[in-house]
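Trainee:
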Amino acid sequence: MAERGMRRARVERATNETDIKLSVDLDGTGRADVETGIGFFDHMLCAFGRHGLFDLEVRVKGDLEVDGHHTVEDTGIVLGQAFARALGDKRGIRRFGSLMLPMDEALVLAACDLSGRGQLHWDVDVPPVMLGTFDATLAKEFFIAFAANAGVTLHVRKLAGENVHHVLEAAFKAVARALREAVEADPRAAGALPTTKGAL
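Mapped onto my numbering, the consecutive letters of the sequence shown carry residue numbers 71 to 270.
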């Protein structure tokens, strides 16, 4: 059963490209302590934690002398793995979540199903621009890695927006809010699995 204060996980992963130490508490207060070496990505992960009310601690040493791809993608892998472990057997959760989030001229829809079938459906037109040292096209790579490793079916769609910073920030916040709804305990579920199949 989903119990508050019990859904935490820590994952460490080291390759020739990245060394990552990450912890998540799904029942936190939104406290985020993040260092990836990429300022805008740190900002997005902090927003993800704050709006999902997930406590995050993230330390990444990546091959930034190459570019940010490995750092961003591998962080998505590890966050997804930690999310799945913290979620446990999924008893008593709502399972589904969705939110349409405005940020100035940007409007982004996120919807998720904690189905165990990890996949991303991304309809966010992002030009190949740099936001500080962050390649904007890597946002999709992050969410692909996160969804696959968390076992989350995730839809993200841009409905409006011109400023790339606003669009991506709205996307991270919308996904966090949708996940926050999905992982919440459903008081009417009485600890049951939210499926007719007997397993998620």
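Glycine included, each C-beta is placed from N, C-alpha and C at the ideal position.
(1) Alpha carbon to alpha carbon, how far is glycine 138 from aspartate 195?
(2) Quick check on the DSSP output: the alpha helix (DSSP H) that includes leucine 249 runs from which residue to which?
(3) Rounding to the nearest angstrom, what Cα-Cα distance links glutamate 73 and alanine 156 in this structure?
(4) Per DSSP, what kind of secondary structure is glutamate 73 in: helix, strand or coil?
(5) For aspartate 144, does the three-state DSSP call read helix, strand or coil?
(6) Quick check on this structure: which residue in His235, Val234, Ile214 and Ala269 has the alpha carbon closest to the alpha carbon of valine 225?
(7) Closer than 9 Å, CB to CB, is arginine 80 near chain B or not?
(8) For serine 93, which residues does DSSP report across the bridge?
(9) Have a look at Phe204, Leu169, Ala117 and Arg83 and flag the residue whose alpha-carbon is nearest the alpha-carbon of glutamine 151.
(10) Of the choices His121, Gly122 and Thr145, whose alpha-carbon is the least far from that of arginine 129?
Mentor: Let me spell this out:
(1) 20 Å
(2) 234-253
(3) Any reading at glutamate 73 is ruled out, since the residue's pLDDT is 43, under 50, leaving its predicted position unreliable.
(4) Any answer about glutamate 73 is weak, because its pLDDT of 43 lies below 50 and its placement is not dependable; what the coordinates show is given next. Of the three classes helix, strand and coil, the one that applies to glutamate 73 here is coil, per DSSP.
(5) Three-state DSSP puts aspartate 144 in a helix.
(6) The amino acid at residue 225 is misidentified as valine; the sequence shows histidine. Out of His235, Val234, Ile214 and Ala269, Ile214 has the C-alpha closest to the C-alpha of histidine 225.
(7) Given the protein chain composition of this structure (a single chain), no chain B is represented.
(8) Arg80 and Glu127
(9) Arg83
(10) Thr145
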